[in-house]
């Protein structure tokens, strides 16, 4: 008998029929002899509806009041699921973040979990009752309702699994696992049986939006085995584990990509210490998040400094960069919007040379020009023209033999 | 400077514009130097929407879970109103029933308030903050959310006013006070400046659905001055007070009526002790609420036993009565659905003889046949054919001179 935390997202809670489907899934897991604790999100669209309502009162709603209000989304779904469970004969009890209690700091709209009181949940499990816990929300030391920010229900699931020392945290979503790349771009993309936390972090941050990054970090930190599965299709999903659990290390786990990229180059800046800080300081102060950063060494005592930002921040980034370029006496700012980023991810590349060379050669054989390169221990990213995105992903998928199980 | 509890109902909270209107009303009351504590209902229709959602999962939703869910209706409006108050420059803070805390028993769906912790609210008032409290809901000793039943927000308002020793509890609704009768039936109906708790109870229970009966009882018990006002029209409303506060006692305060009546007569039952219990016992056991009861003394050792029920319970009442009639050897059961009840209410009638006679004479002069009479200290009710309802109300309104202020 295992203790399993199951987390169901907004799509899985999207209608009465789906909630009843989730109730049957919980019932079956229980019939297999497991103790189940459930974490749920609000019905899909509900949180947005509530935020819109708040914004129709005030463009900048008081953060405490916004949290108080949007926490109702999960309060509805926990109750509905508990009712649906009782209806199929499974004793159940719903808990808000306050009722558990899931203690957080006071950072409304983006609170961090500090401590979870598990007594009630453990007592319920022992009594054969399934606790249904509201994701995304907590309570501060003064009893104020807080929320964890977008995707926070995954974090609730993982944090609960860690606090309960659960055997597994299962994240049910509308995809049946983590894929080698997006199947909409490469139909031969393959579901991975296993992936490491580190790889998952790289894939998640690069646009494979299966799991919230914070929840993966959290699971890695507390060594909670995490499994991504589909609510709607039966299957083993993808298990996200610590590296040492893997028996055979594939070279590459997957290919991530992002179209939400814009490139800025501050050209002809004096090549001297502190220049990166001189450029990126003002950009950071303007609250613009920088993704890739590359600095080329120039021949004439100047250098080109290139970085990428998300497209939504492009115009502000150009404005700040032009100002900085003037101050530094640079030649100017070159920009590009028609670009994308493609990344190879795999812990296996740590111990294998030649991955980067093979990647560049594959792209060259398709006449895809690389505009920018950035590497980390388990990832190689390139920026290319965005019209090449599909071609780049598919040729790399084939070159690294991702369609067949390793 | 007075401490005033203002309660706004679902219609007053029905849209963003209306919530902003309420915020301005609170702001103005505050500018007149008062300390304000606000109690609000859910947006009109929201509680019904949530109950419907629950019933689509289960015909008989688990009571605890239903309360957990429907309590979200007020959790949304307290947050929205607090945001709207902050926007017009009034510091405000929302509180759920749990957060206050409003302690209740464990009777889900119809909980009773046991105790209210007022520290936070008093601290807020002292700090110039307007607490916005969720009506209709509370929390039991184990932290479970409870609700007080339909119209419970009025009770929350009155209970808070009692606990805070407020100078007045103002119930804002979509009517501008309590009228001598329903203006839709008698356009000359007049708003009463004052009315006693007892009269209000009789009027409320007889169909003038301005206030929830429990809240009036509560206000009377704790001597909280209660005022009914309109959210949308300026005016003094109607003050509901203890009898001794009244200077001039009008004979009659108002005329209540109800179309939701059905009459059953168990005819020719043996006229012996215990017969009322023998008939009403089975009716009560079937959970049918009986309103008026009349027993006529018969000449032949038998009697006719007549009572009224609401129309929704008519068919079940007939069924039970026929069974009882058979067992008692009665002659049979006569029924009538085309009836209504009209009641004169007034504490003044206590010390004045002749009210009943004047009432019957007025009805007789309009050729309205009285089918049943029932009297209490401050009320005289008659059952007449329902086609005479308007005529009866208008002729009594005129006969007792209710259109002109006394």
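Residue numbers (this note's numbering), protein chains in the order written: chain A, 1 to 406; chain B, 1001 to 1406. Every residue gets a Cβ at the ideal spot worked out from N, C-alpha and C, and that includes glycine. Given the structure is predicted, the values throughout are model-derived calculations rather than measurements.
| query | result |
| --- | --- |
| Would residue 229 of chain A be called buried (16 or more neighbouring beta carbons within 10 Å of its own) or exposed? | buried |
| When the cut-off is 7 Å and only beta carbons count, does residue 381 of chain A lie next to chain B? | no |
| Quick check on residue 1118 of chain B - is its C-beta less than 7 Å from some C-beta in chain A? | no |
| Should residue 141 of chain A go down as buried or exposed, given a rule of 16 or more other Cβ atoms within 10 Å for buried? | exposed |
| Does any C-beta atom of chain A lie closer than 7 Å to the C-beta of residue 1025 of chain B? | no |
| Below 6 Å CB to CB, which residues in the same chain sit around residue 1009 of chain B once its five sequence neighbours on both sides are set aside? | 1041 and 1173 |
| Is any beta-carbon of chain B found at less than 7 Å from that of residue 143 of chain A? | yes |
| Exposed or buried, residue 1170 of chain B, counting other C-beta atoms within 10 Å across all chains shown (16 or more means buried)? | buried |
| Helix, strand or coil: how does DSSP classify residue 1398 of chain B here? | helix |
| Name the chain B residues that come within less than 8 Å of residue 54 of chain A, Cβ to Cβ? | 1079, 1080 and 1083 |
| Consider the Cβ of residue 12 of chain A: report whether some Cβ of chain B lies at a distance smaller than 7 Å. | no |
| I want to check one thing, is the minimum distance from the CB of residue 1305 of chain B to the heavy atoms of the ligand HEM below 6 Å? | The ligand HEM is not part of this structure, which contains no ligands at all. |
| What does residue 1076 of chain B touch in chain A if you count any residue whose Cβ is under 8 Å from its own? | 50, 53, 69 and 72 |
| Pick out whichever of B:1232, B:1233 and B:1200 has its Cα sitting closest to the Cα of residue 1217 of chain B. | B:1200 |
| Determine which residues share a DSSP beta bridge with residue 1172 of chain B and list them. | B:1008 and B:1229 |
| Give the DSSP-derived three-state secondary structure of residue 126 of chain A in the structure shown. | helix |
| Comparing the C-beta of residue 102 of chain A with each C-beta of chain B, is any distance below 7 Å? | no |
| For residue 257 of chain A, which three-state DSSP category applies? | strand |
| Contact check, residue 144 of chain A vs residue 60 of chain A under 8 Å by CB: the rounded distance? | Not a contact, Cβ separation roughly 18 Å. |
| Taking the beta carbon of residue 20 of chain A as the centre, do at least 16 other beta carbons fall within 10 Å, making it buried, or is it exposed? | buried |
| Note down the Cα distance separating residue 353 of chain A from residue 11 of chain A, rounded to an integer number of angstroms. | 42 Å |
| Is there at least one Cβ from chain B nearer than 7 Å to residue 16 of chain A's Cβ? | yes |
| Please determine, among A:47, A:84 and A:66, the residue with the shortest C-alpha to C-alpha distance to residue 409 of chain A. | There is simply no residue 409 of chain A to check, as chain A begins at 1 and stops at 406 in what is shown. |
| Between B:1254, B:1183 and B:1349, which lies nearest to residue 1195 of chain B when the distance is taken from Cα to Cα? | B:1254 |
| Would you list the one or two residues that DSSP bridges to residue 372 of chain A? | A:383 |
| Is the CB of residue 94 of chain A under 7 Å away from at least one CB in chain B? | yes |
| With three or more beta-carbon pairs closer than 8 Å as the criterion, would you say the segment 176 to 196 of chain A touches the segment 390 to 404 of chain A? | yes |
| Can you find a CB in chain E that lies within less than 7 Å of the CB of residue 233 of chain A? | Here chain E cannot be found, since the structure's protein chains are A and B. |
| What separation, rounded to the nearest whole angstrom, lies between the Cα atoms of residue 1207 of chain B and residue 1290 of chain B? | Low confidence applies to residue 1207 of chain B: its pLDDT is 49, below 50, so where it sits in the model is not reliable, and the reading given next is rough at best. Approximately 15 Å, taken between the alpha carbons. |
| What would DSSP say about residue 1063 of chain B, mapped onto helix, strand or coil? | helix |
| Grouping DSSP H, G and I as helix and E and B as strand, with all else coil, what is residue 1093 of chain B? | strand |
| Taking 7 Å as the CB-CB limit, is residue 1099 of chain B close to chain A? | yes |
| Per DSSP, which residues does residue 1304 of chain B bridge with? Please list them. | B:1296 |
| With a cut-off of 8 Å on the beta carbons, I'd call residue 29 of chain A and residue 4 of chain A a contact; round off their distance for me. | 7 Å |
| Just list the beta strand (DSSP E) runs in the segment 35 to 84 of chain A, keeping only unbroken ones of 3 residues or longer that don't cross its boundaries, in chain order. | 35 to 40 |
| Taking the C-alpha atoms as reference points, what is the distance between residue 1070 of chain B and residue 1372 of chain B? | 41 Å |
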